[in-house]
Amino acid sequence: MYATTLGGTRHVFPDLKAVLAEASPHRSGDALAGIAAPSDERRVAARHVLADLPLATFLAEAVVPYETDEVTRLILDSHDAAAFAPVSAMTVGGFREWLLSDAADGPALAGLAPGLTPEMAAAVSKLMRNQDLIAVARKARVVTAFRTTVGLPGRLSVRLQPNHPTDDARGIAASILDGLLYGCGDAVIGINPATDSTAAVTELLALIEGVRTRYAIPTQSCVLAHVTTTLEAIGRGAPVDLAFQSIAGTEAANRSFGVDLALLREAQAATLSLGRGTVGTNVMYFETGQGSALSAEAHHGVDQQTVEARAYAVARAFSPFLVNTVVGFIGPEYLFDGKQIIRAGLEDHFCGKLLGVPMGVDVCYTNHAEADQDDMDALLTLLGVAGVNFVMGVPGADDVMLQYQSTSFHDALYLRGALGLRPAPEFETWLDGMGMLGGDGRVRALPPASEAVRRLLGGMEDAA
Amino acid sequence: MTDPADTASRAVDPGTDPGGTDTGTVDPWARMRGLTRARIGLGRCGDGLPTRALLDFQLAHARARDAVHAEFDAVGMAAALAPLPTVAVRSRAPDRAAYLQRPDLGRLLDPSDEALLEPGDWDAVFVVADGLSAAAVHAHAAPVVRETLKHLPGWRIGPVVLASQGRVALGDEIGIRLGARLVALLVGERPGLSAADSLGAYLTWEPRPGRRDAERNCISNIRPPEGLGHAAAGAKLAWLMVEASRRGLTGIGLKDETPALPGGGPAGPAIVG
Numbered sequence: 150m151y152a153t154t155l156g157g158t159r160h161v162f163p164d165l166k167a168v169l170a171e172a173s174p175h176r177s178g179d180a181l182a183g184i185a186a187p188s189d190e191r192r193v194a195a196r197h198v199l200a201d202l203p204l205a206t207f208l209a210e211a212v213v214p215y216e217t218d219e220v221t222r223l224i225l226d227s228h229d230a231a232a233f234a235p236v237s238a239m240t241v242g243g244f245r246e247w248l249l250s251d252a253a254d255g256p257a258l259a260g261l262a263p264g265l266t267p268e269m270a271a272a273v274s275k276l277m278r279n280q281d282l283i284a285v286a287r288k289a290r291v292v293t294a295f296r297t298t299v300g301l302p303g304r305l306s307v308r309l310q311p312n313h314p315t316d317d318a319r320g321i322a323a324s325i326l327d328g329l330l331y332g333c334g335d336a337v338i339g340i341n342p343a344t345d346s347t348a349a350v351t352e353l354l355a356l357i358e359g360v361r362t363r364y365a366i367p368t369q370s371c372v373l374a375h376v377t378t379t380l381e382a383i384g385r386g387a388p389v390d391l392a393f394q395s396i397a398g399t400e401a402a403n404r405s406f407g408v409d410l411a412l413l414r415e416a417q418a419a420t421l422s423l424g425r426g427t428v429g430t431n432v433m434y435f436e437t438g439q440g441s442a443l444s445a446e447a448h449h450g451v452d453q454q455t456v457e458a459r460a461y462a463v464a465r466a467f468s469p470f471l472v473n474t475v476v477g478f479i480g481p482e483y484l485f486d487g488k489q490i491i492r493a494g495l496e497d498h499f500c501g502k503l504l505g506v507p508m509g510v511d512v513c514y515t516n517h518a519e520a521d522q523d524d525m526d527a528l529l530t531l532l533g534v535a536g537v538n539f540v541m542g543v544p545g546a547d548d549v550m551l552q553y554q555s556t557s558f559h560d561a562l563y564l565r566g567a568l569g570l571r572p573a574p575e576f577e578t579w580l581d582g583m584g585m586l587g588g589d590g591r592v593r594a595l596p597p598a599s600e601a602v603r604r605l606l607g608g609m610e611d612a613a
Numbered sequence: 016m017t018d019p020a021d022t023a024s025r026a027v028d029p030g031t032d033p034g035g036t037d038t039g040t041v042d043p044w045a046r047m048r049g050l051t052r053a054r055i056g057l058g059r060c061g062d063g064l065p066t067r068a069l070l071d072f073q074l075a076h077a078r079a080r081d082a083v084h085a086e087f088d089a090v091g092m093a094a095a096l097a098p099l100p101t102v103a104v105r106s107r108a109p110d111r112a113a114y115l116q117r118p119d120l121g122r123l124l125d126p127s128d129e130a131l132l133e134p135g136d137w138d139a140v141f142v143v144a145d146g147l148s149a150a151a152v153h154a155h156a157a158p159v160v161r162e163t164l165k166h167l168p169g170w171r172i173g174p175v176v177l178a179s180q181g182r183v184a185l186g187d188e189i190g191i192r193l194g195a196r197l198v199a200l201l202v203g204e205r206p207g208l209s210a211a212d213s214l215g216a217y218l219t220w221e222p223r224p225g226r227r228d229a230e231r232n233c234i235s236n237i238r239p240p241e242g243l244g245h246a247a248a249g250a251k252l253a254w255l256m257v258e259a260s261r262r263g264l265t266g267i268g269l270k271d272e273t274p275a276l277p278g279g280g281p282a283g284p285a286i287v288g
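Quick mapping for you: the protein sequence lines, in order, are chains A and B.
Mapped onto this note's numbering, the consecutive letters of the first sequence carry residue numbers 150 to 613.
Mapped onto this note's numbering, the consecutive letters of the second sequence carry residue numbers 16 to 288.
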C-alpha cells in the first residue's frame, strides 16, 4: 500500500500499478480500463507518491506476475545490476533530476540502459513535462545498422511506406519512386501487405530487391507480415533483410499477436543466418503502440503507457534495427485527441531511448480521433528536436491500404530542412551520386527530364 | 528557397506543371497516378505541398470527419425502409464523444429502450446501427436490407431495429431480446480519406452478449460503385444467412463460398465492434 497526505487529504493507493496508473497524464484508454485517476488532484497525489519511491522498488514489486508472464521474467532475469548501480539509491523524483543534469550525458545514459527496467522508465516519464521528455531523449542516442546506419546525431531517417490496397506491383513501384525522389527510404522500404501469405510476401520482397539492386541503393527492405510468414519466406529462399513483428508488453498480449519470445528468437536467428547486412547485424523490425494490451484484454490492470514501455524490453532483447510506435493508429478510445497523441508519442520515444531501443515514431491519426495535420506537425517537430531515429514517409500522408494518416515525404523534407537533419550517411552518399542533392545537402526538386528521374523511372517500370 | 512564390522552385516541380511545358517533356506522373490511389507526384513548393494538394487532402479529411460526427436520422431511415416495420433504440452512449471513448457503452442497450423490443419468434432480425458513419447507413442500409430480403422468401423477419450510437455487439443484446435466431447488423465503417460512406454487415448466429468477433461473419466495403454494390451485398448476405441457418453457426466455421464478385476489394473491415 502507498499513501500521501496533501492539504489534509490522505490519498491511498493499493499497489504499485495503481500508483503508476493514477500518476499518468489523462488518456481515454486508462479511463476505459477504469484505472485512471478520478481527479486532477489525485493524479498529482500519485505523482508525489511516485516521486518519493526508491527506483529499486521496481525490482522488488512486479506489476505483472513473474510466475505467469514471460515478459516480466525477461525484464527481471536480464536486469544488469552493475549498470543500475549509479542510480540504485535514487528515488524516482531524484532520478528525474539526475536525467536532466549534465552528468547524464550520452555515454552515461547508454551505460545505464541495461540497468533500467521499463517500469522505471515509465515511472520517471510520468513525472516529466513534455520538454523534459525531449531534453533527455535527445541525449540518449541509439545507433543501429544493416545496410544503412540509423540514429546518428544530426541524422533523420525515413521508412518509405508504399502500401497499396491490392499489393499491385506497379502501384507500389510508383510510390517507391516518388519517395526516393524526396530522399526517403533510408530507414527501410517497408510494405504492409494486403495479403499475409508467403507467396504474396515473397513477390513483394522480390520487387523491392529488384529496385534496390538495380540502383545499388544502400537500404533494406521489409514486408510487414506475421513473423511466421517471414520465417516461411526465408525457408523458401526469399531475400529477407529484416524480420518484422508487432509486439506488446505482456505475454498474453503477445500471444494475441500469435508470438512468444521463443518464436522471436527463432526469427532473429533465421534472418541473421542470411548474412545480408553490410554495415551491421541488426535484423529485427518491431512495431508497438499504447493500448494494444488493453485491446487484447491482456493488460493486467497496468496503465497503457507502462505496458507499452514493457514492449521495449521485449524489443531490446533482440537487438532490433528499428522499433516504431504507431502512436495514433489505435483510435480515440485509447488516445482521444491530438494532445493525448502528442504526449504518448513523446513518452514512447523517451522510454524507448532510455531503455536503449532505436525508436522511430509513426506520427499518425485516424479519422475518428480529434486530431488533424496541425497536431501531427507539432508532434513531428517535437520528435525531430528530441532526436527521433526515423519517421514514416507515406505518399501525401494518406495510407490508402491501412486507411489512416501518417507523415508524408514532404513532412520528412520539412523536418530535415527545418532542423538541419540529414539522411543516413550511406544513403546520403547514394543520393549525391544520383545527382539528387543540392549544394546545401538538401534533396533537390528535380525536373522530369533530369537524369535521376529518367533513370529511376525506367528502372521502376522494368522492376514492376 | 522555401518561398512558395519563387517561380524557379515551382517550375522544376514534376507535379505542379501538368502540361510539362516548362521542361518540354510530358509529365511522367500522369501515367503513374493511374497505377495507385496513393497521393504520388504531388509536386513541391520548397519542402511543402502545393496549395491544391493541401486543400484536396483537407477536403477528404473534412468529409471523413463530417461522416463520423453526422447524426443518425432514424426517422428518415424508417421512411426509407417502409413498409417494413421498424423500431428505434439507443445504446448507452449518450453522445458521440462518449461513443468514441467508451466502446463498452455502444455495445449495451439504453435501459429505457428495453421495453421497445418485444420478444418474438424470428428467423432473423436486421439491425441498422450508425457506427462510425451515419452517412454510410443513410446511403446503403435500406437498399441492402431490401436486396437481402428478395433472397429470403418465407423467412420470419422481425422489425428492423434502428440503433443510434451503436456498435456491432449491440446486435447481440437486441437479438436475444427480440427472440431472433440470427441477427444481421448493418453498420457504418470507419471513414478513410478515400471513402466516408462504407457500410459493413455482421452476421451472428444465436446472438447473445459475450459473442466474440470470431463467431461472426462480416461483409465489408459495401459502397457502390467503387465497393460492393447493393444487389451483390444482399445476395452475399442472404447466402450467409441461409447457410448459417442450415448449419447452425456463424464465424470462422462458416466460410463465404459465394462466387467472387467484382469490386468487393480485399481491404479488411474497419473494426467498430
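Glycine residues also receive a C-beta, built at the ideal position from the N, C-alpha and C atoms.
Computed from a predicted model, the values in this text were never measured in an experiment.
1) Since residue 509 (chain A) is in the beta strand (DSSP E), which residue starts that stretch and which ends it?
2) Going by the CB atoms, is the gap between residue 383 (chain A) and residue 438 (chain A) shorter than 9 Å?
3) Following the continuous beta strand (DSSP E) through residue 436 (chain A), name the residue where it begins and the one where it ends.
4) Give me the subset of the stretch 158-185 of chain B whose CB atoms are less than 9 Å from a CB atom of chain A, sorted by chain position.
5) Check the C-beta distance from residue 413 (chain A) over to residue 467 (chain A) and give it rounded, since I have them as a contact under 8 Å.
6) Pick out the complete beta strand (DSSP E) segments inside the stretch 82-167 of chain B, 3 residues or longer, and give them in chain order.
7) Can at least three beta-carbon pairs, one atom from the stretch 185-198 of chain B and one from the stretch 490-505 of chain A, be found at a separation below 8 Å?
8) Helix, strand or coil for residue 615 (chain A) per DSSP?
9) Heavy atom of the ligand SAH less than 8 Å from the Cβ of residue 391 (chain A), yes or no?
10) Can you tell me where the beta strand (DSSP E) with residue 233 (chain B) in it begins and where it stops?
11) Taking a Cβ distance cut-off of 8 Å, strictly less, list which residues of the stretch 454-478 of chain A are near chain B, in chain order.
12) Mind pulling the chain B residues with CB within less than 8 Å of residue 175 (chain A)?
13) Going along the chain, which residues of its own chain have a beta-carbon closer than 7 Å to the beta-carbon of residue 218 (chain A), five neighbours each way excluded?
14) Beta carbons nearer than 7 Å to chain A: which residues of the stretch 184-210 of chain B have them?
15) Could you name the residues that DSSP lists as bridge partners for residue 160 (chain A)?
16) Could you compute how far the alpha carbon of residue 37 (chain B) sits from the alpha carbon of residue 482 (chain A)?
17) Considering only the beta carbon of each residue, do residue 353 (chain A) and residue 316 (chain A) sit closer than 9 Å?
18) Given this structure, state the Cα-to-Cα distance separating residue 91 (chain B) from residue 189 (chain B), to the nearest angstrom.
19) For a test of the three-state rule: what should DSSP assign to residue 341 (chain A), helix, strand or coil?
20) Within the same chain, show all residues whose beta-carbon is closer than 7 Å to that of residue 551 (chain A), passing over the 5 residues directly before and after it, in chain order.
21) Counting only Cβ pairs nearer than 9 Å, list the residues of chain A close to residue 117 (chain B).
22) Tell me whether residue 198 (chain A) sits in a helix, a strand or coil according to DSSP, three-state version.
23) Does any CB atom of chain B fall closer than 9 Å to the CB of residue 618 (chain A)?
24) Would you say residue 38 (chain B) faces chain A, with C-beta separation under 9 Å as the test?
25) State buried or exposed for residue 215 (chain A), treating a residue as buried only when at least 16 other CB atoms are found within 10 Å of its CB.
26) Looking at chain B, is there any beta carbon in it that lies within less than 9 Å of the beta carbon of residue 553 (chain A)?
27) Find out if the Cβ-Cβ distance for the pair residue 59 (chain B), residue 568 (chain A) is shorter than 9 Å.
28) Which residue's Cα is closest to the Cα of residue 218 (chain B): B:256, B:225, B:212, B:209?
29) If you draw a straight line from the C-alpha of residue 204 (chain B) to the C-alpha of residue 85 (chain B), how long is it?
30) By Cβ distance, which residues of its chain are closer than 7 Å to residue 347 (chain A), with the 5 residues on each side in sequence left out?
31) Is the stretch 153-170 of chain B in contact with the stretch 124-132 of chain B, if contact means three or more CB pairs nearer than 8 Å?
32) In angstroms with no decimal places, state the Cα-to-Cα distance between residue 121 (chain B) and residue 457 (chain A).
33) Less than 9 Å between the beta carbons of residue 243 (chain B) and residue 259 (chain B), yes or no?
34) Report the option in B:249, B:199, B:174 whose CA atom is closest to the CA atom of residue 159 (chain B).
35) If you follow the beta strand (DSSP E) that residue 308 (chain A) is in, where does it begin and where does it stop?
36) Comparing C-alpha positions only, which one of B:106, B:141, B:67 sits nearest to residue 215 (chain B)?
In this structure, then:
1) Per DSSP, the continuous beta strand (DSSP E) segment holding residue 509 (chain A) begins and ends at 508-511.
2) Contact flag unset, no.
3) The continuous beta strand (DSSP E) containing residue 436 (chain A) extends over residues 433-437.
4) For the stretch 158-185 of chain B, which is checked against every Cβ of chain A, not one residue is closer than 9 Å.
5) Confirmed, about 6 Å.
6) Whole beta strand (DSSP E) segments, 3+ residues: 101-105, 140-144.
7) No, because fewer than three Cβ pairs between the stretch 185-198 of chain B and the stretch 490-505 of chain A fall closer than 8 Å, the two stretches do not touch.
8) In the structure as shown, chain A starts at 150 and stops at 613, and residue 615 (chain A) therefore has no counterpart that could be examined.
9) This structure simply doesn't include the ligand SAH, nor any ligand for that matter.
10) Taken as a continuous stretch (DSSP letters only), the beta strand (DSSP E) holding residue 233 (chain B) covers 231-237.
11) Going along the stretch 454-478 of chain A in chain order, one finds no residue with a Cβ nearer than 8 Å to chain B.
12) Chain B residues near residue 175 (chain A): none, gap ~11 Å exceeds 8 Å.
13) Around residue 218 (chain A), the same chain offers 399, 400 as residues with beta carbons nearer than 7 Å, after the five sequence neighbours per side are excluded.
14) So the list reads 205, 206, 207, 208, 209, given in the order they occur along the chain.
15) Paired residues: A:153.
16) The predicted model places residue 37 (chain B) with a pLDDT of 43, which falls under 50 and marks its position as unreliable; any figure quoted below should be read in that light. Approximately 50 Å between the Cα atoms of the pair.
17) When the beta-carbon positions are compared, residue 353 (chain A) and residue 316 (chain A) come within less than 9 Å of each other.
18) Rounded to whole angstroms, residue 91 (chain B) to residue 189 (chain B) spans 21 Å at the Cα level.
19) In this structure, residue 341 (chain A) counts as coil in the three-state DSSP scheme.
20) Only 312, 341 meet the Cβ criterion.
21) In chain order: 177, 180, 181, 482.
22) In the structure shown, residue 198 (chain A) sits in a helix (DSSP, three-state: H, G or I).
23) Any answer about residue 618 (chain A) is impossible in this case: the structure gives chain A only from 150 up to 613.
24) In this predicted model, residue 38 (chain B) has a pLDDT of only 43, less than 50, meaning its place in the structure is not dependable enough to derive any value.
25) Its Cβ having fewer than 16 others within 10 Å, residue 215 (chain A) is exposed.
26) Taking a beta-carbon distance threshold of 9 Å, residue 553 (chain A) counts as an interface residue toward chain B.
27) Residue 59 (chain B) places its beta carbon 9 Å or farther from that of residue 568 (chain A).
28) Closest option to residue 218 (chain B), Cα to Cα, is B:256.
29) Looking at the two C-alpha atoms, the distance is approximately 13 Å.
30) A distance below 7 Å between beta-carbons, with the five flanking residues on each side excluded, links residue 347 (chain A) to the following residues of its chain, in chain order: 378, 381, 382, 385.
31) The answer is no - the stretch 124-132 of chain B does not touch the stretch 153-170 of chain B, with fewer than three Cβ pairs under 8 Å.
32) For residue 121 (chain B) and residue 457 (chain A), the distance between alpha carbons rounds to 26 Å.
33) The Cβ-Cβ distance between residue 243 (chain B) and residue 259 (chain B) does not fall below 9 Å.
34) Measuring from the Cα of residue 159 (chain B), the nearest candidate turns out to be B:249.
35) Counting along the chain, residue 308 (chain A) sits inside the beta strand (DSSP E) bounded by residues 306-309.
36) The residue with the shortest Cα to Cα distance from residue 215 (chain B) is B:141.
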